[in-house]
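Colleague: Have a look at this one.
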Amino acid sequence: MTEPEKPQDPAGAVPYVPRKISGPVLMGVVPGQPLAVAHRAAELAFSLGVKLVCAYVDVTTYLAEEPDGRVEARPIDPDGIDDDIEGISASIAGDLREALGASGIDWSFLTLAGDPARALGRLAESTDASVIVVGTRERGLGARFEELLVGSVAVHLTHRQHRPVLVVPLAPHSRRQPKAGR
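Every letter in the sequence shown is one number past the one before it in UniProt numbering, and letter 26, counting from 1, is 26.
Below you can see the structure in the form of structure tokens.
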């Protein structure tokens, strides 16, 4: 007795079989960022049973390859070196330690160099991140001006790599409720 012949997929594609997510959740961090982003990223990592990797990208530096193959971060403006990058990184790490320390989440913190979307994309690739989490920009004139100059990290991430990007709203517009009698 022979089994009935299964219909062949016209494209010859292999049927989709879901796999368990095992790569870490990668979260982009900026100084002064509300903890809502860290909390959502931690909740996602906890729910998936994976590690949380937090990364701050120093935009005042870029990556340069040395003749011996080493890759080194160099300042964009050598005369305008921000000597406090270690202080900024330490402050962010301290804020994260305070927010996530007692959570039971396995997490780490790194400082990267260069363009935020490219740096986060490279880190996502090297760690095989399952998802990248970023926050929206704060509202205000300064944030709008910055977005005009450098664009949205979330938008760049969605166009430059294949991992899903979760964007956490920081200050959503609230709908005004009409007052009684109006």
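Glycine is no exception: its CB is placed at the ideal position from the N, C-alpha and C atoms. Since we're looking at a predicted model, the values are computed, not measured.
Which value, in whole angstroms, describes the spacing of the CA atoms of residue 47 and residue 32?
Modeller: Each residue's Cα considered, the two are about 26 Å apart.
Colleague: Quick one: Cα of residue 99 to Cα of residue 110, how far?
Modeller: About 16 Å.
Colleague: In angstroms with no decimal places, state the Cα-to-Cα distance between residue 156 and residue 13.
Modeller: Distance between the alpha carbons of residue 156 and residue 13: 30 Å.
Colleague: Residue 58 by DSSP, collapsed to three states: which one?
Modeller: Three-state DSSP puts residue 58 in a strand.
Colleague: In terms of alpha-carbon separation, which member of 161, 89, 120, 130 lies closest to residue 19?
Modeller: Of 161, 89, 120, 130, the residue nearest in Cα terms is 130.
Colleague: Determine the closest residue to residue 121 out of 162, 168, 16, 50, with distance taken between C-alpha atoms.
Modeller: Comparing Cα-Cα distances from residue 121 to each of 162, 168, 16, 50, the minimum goes to 162.
Colleague: Assign residue 142 to one of three DSSP states: helix, strand, or coil.
Modeller: Any answer about residue 142 is weak, because its pLDDT of 49 lies below 50 and its placement is not dependable; what the coordinates show is given next. Helix, per DSSP.
Colleague: Assuming residue 24 contacts residue 127 under a Cβ cut-off of 8 Å, what Cβ separation, rounded to an integer in Å, is found between them?
Modeller: Their Cβ separation, rounded to whole angstroms, is 6 Å, which keeps residue 24 and residue 127 in contact under 8 Å.
Colleague: Hey, how far is the Cα of residue 89 from the Cα of residue 17?
Modeller: Whole-angstrom Cα-Cα distance: 41 Å.
Colleague: I'd like to check one pair, residue 45 with residue 112: are the Cβ atoms closer than 8 Å?
Modeller: Taking 8 Å as the Cβ cut-off, residue 112 and residue 45 do not qualify as a contacting pair.
Colleague: Name the residue from 160, 115, 165, 104 whose alpha carbon lies nearest to the alpha carbon of residue 51.
Modeller: Checked all of 160, 115, 165, 104; the closest Cα to residue 51 is 104.
Colleague: Got a sec? Which residues, its chain only, sit under 6 Å from residue 37 by beta carbon, not counting five neighbours each side?
Modeller: Only 135, 168 meet the Cβ criterion.
Colleague: With C-beta atoms as the reference, is residue 53 less than 8 Å away from residue 108?
Modeller: It is a contact, given that the beta carbons lie within the stated cut-off.
Colleague: If you count every other CB in all the chains shown that lies within 10 Å of the CB of residue 115, and 16 or more means buried, which is it?
Modeller: So residue 115 counts as buried.
Colleague: Is residue 127 helix, strand or coil by DSSP?
Modeller: Here residue 127 sits in helix by DSSP.
Colleague: Spell out the partners DSSP gives residue 108 in its beta bridges.
Modeller: Partner(s): 53.
Colleague: Where does residue 96 land, buried or exposed, given buried means 16+ other C-beta within 10 angstroms?
Modeller: Residue 96 comes out buried.
Colleague: Measuring CA to CA, which of 123, 49, 42 is closest to residue 22?
Modeller: Ranking 123, 49, 42 by Cα distance to residue 22 puts 49 first.
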